[in-house]
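Chains as they are written, first to last, in UniProt numbering: chain A, 1 to 725; chain B, 1 to 210.
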């Protein structure tokens, strides 16, 4: 039951009948709605996570999903088109100041020729108060965000912002793009005081823009000229500690994005004398100055920001100014000017690199830093839904096909096995060959039909009933029909036809039906006395007496056997003692069943004598019926009881008993010649006159000596006292 | 992320010999048509994952032998079918005339919620048409069946037939008309039943008398 409990409806045991499913708009196809619904479903990835949870412990499912997902990713170019979009990244260390001038010079730079599709704006030192550091107060960001919005005006909407003490990152997108942004997430990493406070650190925002993933990090690294290694370490710690957890529990790091941008006050300096730096700035010799820049040298040596790139710098260092002026630091500390404020990017190997539109500084003077911005062109992958659903369908189909192909497959040499003529007690075997024509191991077994417990009819044997084949291997199956006196009744008495259908089942695959047919030669053997007396003509002619007419008193076949012995062999020595010849007995049986005279065949009298015994033995029920078996044993000690018992036999059985005993008495009268004794005959005939039902426990073991004697006694009474009949 | 399927629906395809049951299955699962394919003697089996209302559903399709002599045996495969595709050949009236007996079997051997779809196959052989669309449509209406004419050869309406049936079954599931029981032909995907194992009769293995 466990698998049903996930459904809310499963606990209601009452099911209401389905309403008639006739649709009014029967046209010659399926409604557009249905097609749409099915295509909608192909737009992928919208299943509830609760179901995923249900299946996390199932590797089979995960593997399949992964396969589909990977294939889909592989074929991405087939269902996406590329479009140029632009992103503006701005960074400004505001030195704890509140906004006091419009931001247009920075965000709406008149030199900017295109309106960015995305704005990512980062601040550092937005809030230098202890409340911000210790209590996480973020109220200072509000006036800045208001300033940004008033500068961007109504064309943009905020996607997300994230703040770590004084470090704030806000992402805005053009209104039209908002619906195409998914999985927007943010995270922070602090690397400040004690390596954990938020005065230094980074904040990150990631999102999927159409089908392109973008991650932006805004960081404020440790200050001072000598702290290069510390800054390198800050960068690595931030990169390592920022993680995004998706809805389904997957962790994404910053490098798992098509485009990764890193902005902020990275605090790298220029290790040259103050005057030299200032001179070069005056001469606008930024190139030679840049060669000394710590960030440049660290990146060049691979010590930090590995794999990142920076647009060429063609602007003066943005730090450190006397606030509100164009003068570099005139305080006692006389900080050497530096390019603290930077924009870097890194494009994934699988994605197309960005195009640089601009990298510049902006002359806002509120802070001791100047704001910096960089704009890039990004090739955005845009999904064409129809194409994607087509590709998805193809992938699923491919998977289905593989799955269908990996099902075992086999061929069998014949679905129809005709045994033709089947005779009583004569086994006939036919072979069929099963071959594994699939690509995997095939296990097969015969299975029963619905509501049946056995694989086949009782007169049929299958060997083997189960097996395994490696690809291309063949196995021979043997089917044997053998009708004995336990199974003959179906054909002889009940008139059933000889046929069956076998189900050969391939594990994880199809089922094969095998039709079995044969024609059973009706015979007096394995028959019932009751039935045989309804046939005045040979049994094979199959013309019974109508049920309202008088039947024969004894089976005519019995009469023919006894009559033959009576005239041809009564004086034969060893009669009933010596064995007959099997082949001759089969010929005799044929004559009995077909009505042919015995004169056409040759055989010894012993074969006829044994035929009599075999005939009686084969009767479905013996002359003394099963239900009288125990009474017969009980009566055997007293001749009178035996007489009473026999008088209670059914009419036909009584006739047969009377007829055979009379015949045996006649045979004993010739004991001079045939050397028979009543004891011998009693022993021989008692075993066929009297036997327990094959279903009874007594029939499972050979009878004890005492039982054998009781049986023989019963017959003996009649053989020695003639008037008992 | 999604996983391949949430439900498994069992389908059976029934109808007279030679109406194209196996071809419909192959067209649907493999997009291929094999002309003069041999008669199915037994039960074949195919799967495909489809999407219905954003749910991924695995269709487990049992294609049965159409010969009259196997009728008694194929009946055992009806049990637990969520959908039954009852197929006739629009160019052979006799296959249409036999629909009533097939339908009787389907109704008796499946549960009341089983969605039965009537499919007139071989639509591509318009010139040899022997059963009109209108007539079959009326028959379908009378018996509460959904109906479509298809061509396993060209693929026309094959996808639709299977998907429309799936959609109706799913609707039935959502409305709570159907209990999700393992034997009911509609199974909620989970750890115990994710592979495509047709296990008919296997539970009886221990009873084999031979």
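Glycine included, every Cβ here is placed at the ideal spot set by N, Cα and C.
Because the structure is a prediction, the values reported are computed rather than measured.
8 Å contact criterion, which residue i and residue j should meet: CB distance rounded
i, j, result
"residue 176 of chain B", "residue 89 of chain B", "In fact, because the Cβ distance is near 37 Å, the residues do not count as touching under 8 Å."
"residue 156 of chain A", "residue 140 of chain A", "Not really, about 22 Å apart at Cβ, beyond 8 Å."
"residue 161 of chain A", "residue 366 of chain A", "That belief does not hold up - the Cβ atoms of residue 161 of chain A and residue 366 of chain A are roughly 20 Å apart, past 8 Å."
"residue 729 of chain A", "residue 504 of chain A", "Outside the shown range of chain A, which is 1 to 725, sits residue 729 of chain A, and nothing can be said about it."
"residue 446 of chain A", "residue 455 of chain A", "5 Å"
"residue 266 of chain A", "residue 301 of chain A", "About 16 Å separates the two Cβ atoms, so there is no contact after all."
"residue 237 of chain A", "residue 189 of chain A", "7 Å"
"residue 123 of chain A", "residue 94 of chain A", "6 Å"
"residue 201 of chain A", "residue 167 of chain A", "6 Å"
Nearest-angstrom Cα separation, counted from residue j out to residue i
i, j, result
"residue 496 of chain A", "residue 593 of chain A", "18 Å"
"residue 182 of chain B", "residue 113 of chain B", "Note that residue 182 of chain B scores a pLDDT of 46, beneath 50, so its modelled location is shaky; the value from the coordinates is reported in the next line. Cα to Cα, residue 182 of chain B sits roughly 15 Å from residue 113 of chain B."
"residue 167 of chain B", "residue 179 of chain A", "29 Å"
"residue 349 of chain A", "residue 259 of chain A", "10 Å"
"residue 331 of chain A", "residue 370 of chain A", "18 Å"
"residue 284 of chain A", "residue 240 of chain A", "37 Å"
"residue 425 of chain A", "residue 74 of chain B", "32 Å"
"residue 50 of chain B", "residue 169 of chain B", "13 Å"
"residue 60 of chain A", "residue 174 of chain B", "Its pLDDT being 43, under 50, residue 60 of chain A is placed unreliably by the model, and the measurement read from it follows with that caveat. One C-alpha to the other measures close to 26 Å."
"residue 160 of chain B", "residue 83 of chain A", "35 Å"
"residue 116 of chain A", "residue 274 of chain A", "37 Å"
"residue 177 of chain A", "residue 112 of chain A", "20 Å"
"residue 142 of chain B", "residue 115 of chain B", "15 Å"
"residue 79 of chain B", "residue 109 of chain B", "6 Å"
"residue 30 of chain A", "residue 48 of chain B", "Low confidence applies here, because residue 30 of chain A scores a pLDDT of 38, under 50, leaving its location unreliable and the question unanswered by this model."
"residue 585 of chain A", "residue 596 of chain A", "14 Å"
"residue 74 of chain A", "residue 80 of chain A", "12 Å"
"residue 43 of chain A", "residue 385 of chain A", "Because the pLDDT of residue 43 of chain A is 33, which lies under 50, any placement of that residue in the model is unreliable, and the number read from its coordinates should be weighed accordingly. About 7 Å."
"residue 448 of chain A", "residue 470 of chain A", "24 Å"
"residue 450 of chain A", "residue 464 of chain A", "21 Å"
"residue 26 of chain A", "residue 136 of chain B", "Confidence at residue 26 of chain A is low in this model, with a pLDDT of 37, below 50, so its placement is unreliable and the value that follows should be read with caution. If I take the Cα positions, the gap works out to 11 Å."
"residue 196 of chain B", "residue 129 of chain B", "Confidence is the limiting factor: at residue 196 of chain B the pLDDT is only 40, short of 50, which leaves the residue's position unreliable and the question unanswerable from this model."
"residue 500 of chain A", "residue 62 of chain B", "22 Å"
Cβ neighbours of residue i in the same chain (closer than 8 Å, five flanking residues each side left out)
i, result
"residue 656 of chain A", "529, 554, 555, 558, 623"
Close-in-space but distant-in-sequence residues of the same chain around residue i (CB under 6 Å, 5 per side omitted)
i, result
"residue 519 of chain A", "421"
"residue 146 of chain B", "117"
"residue 573 of chain A", "674, 675"
"residue 659 of chain A", "554"
"residue 142 of chain A", "none"
"residue 173 of chain A", "118, 159"
"residue 153 of chain B", "33, 124"
Run of the alpha helix (DSSP H) containing residue i, from where it starts to where it stops
i, result
"residue 642 of chain A", "639–647"
"residue 23 of chain B", "21–30"
"residue 505 of chain A", "Segment 498–506 is the beta strand (DSSP E) holding residue 505 of chain A; no alpha helix (DSSP H) there."
"residue 387 of chain A", "385–405"
"residue 728 of chain A", "Because chain A is modelled from 1 through 725, residue 728 of chain A falls outside the range shown and cannot be assessed."
"residue 706 of chain A", "705–720"
"residue 85 of chain A", "Segment 80–93 is the beta strand (DSSP E) holding residue 85 of chain A; no alpha helix (DSSP H) there."
"residue 663 of chain A", "651–668"
Limits of the unbroken beta strand (DSSP E) element including residue i
i, result
"residue 343 of chain A", "341–347"
"residue 606 of chain A", "Here residue 606 of chain A belongs to no beta strand (DSSP E); instead the alpha helix (DSSP H) covers 605–618."
"residue 10 of chain B", "7–15"
"residue 262 of chain A", "259–265"
"residue 105 of chain B", "Taken as a continuous stretch (DSSP letters only), residue 105 of chain B belongs to no beta strand (DSSP E), being part of the alpha helix (DSSP H) at 99–109."
"residue 480 of chain A", "474–481"
"residue 634 of chain A", "Residue 634 of chain A -> not in any beta strand (DSSP E); alpha helix (DSSP H) instead, spanning 629–635."
Chain-order list of residues whose beta-carbon lies under 7 Å from that of residue i (same chain, five-residue window excluded)
i, result
"residue 486 of chain A", "694"
"residue 632 of chain A", "624, 645, 690, 714"
"residue 682 of chain A", "712, 715, 716, 719"
message: Three Cβ pairs or more, each shorter than 8 Å: is that satisfied between the stretch 369–386 of chain A and the stretch 394–413 of chain A?
response: no
The stretch 8–18 of chain B in contact with the stretch 82–99 of chain B per 3-pair CB rule at 8 Å: The way I'd put it, the stretch 8–18 of chain B does touch the stretch 82–99 of chain B; three or more beta-carbon pairs between them come closer than 8 Å.
query: Do the stretch 102–113 of chain A and the stretch 147–159 of chain A meet, that is, are 3 or more Cβ pairs less than 8 Å apart?
result: The stretch 147–159 of chain A and the stretch 102–113 of chain A touch, with three or more beta-carbon pairs separated by less than 8 Å.
field: the stretch 383–397 of chain A in contact with the stretch 459–475 of chain A per 3-pair CB rule at 8 Å
entry: no
query: Does the stretch 31–44 of chain B come close enough to the stretch 64–78 of chain B that 3 or more CB-CB pairs lie under 8 Å?
result: yes
- prompt: Would you call the stretch 692–704 of chain A and the stretch 17–32 of chain B touching, i.e. three or more CB-CB distances under 8 Å?
  reply: no
task: May I ask you to verify whether the stretch 240–254 of chain A touches the stretch 200–207 of chain A, counting CB pairs closer than 8 Å and requiring at least 3?
output: Contact between the stretch 240–254 of chain A and the stretch 200–207 of chain A is established, with three or more Cβ pairs separated by less than 8 Å.
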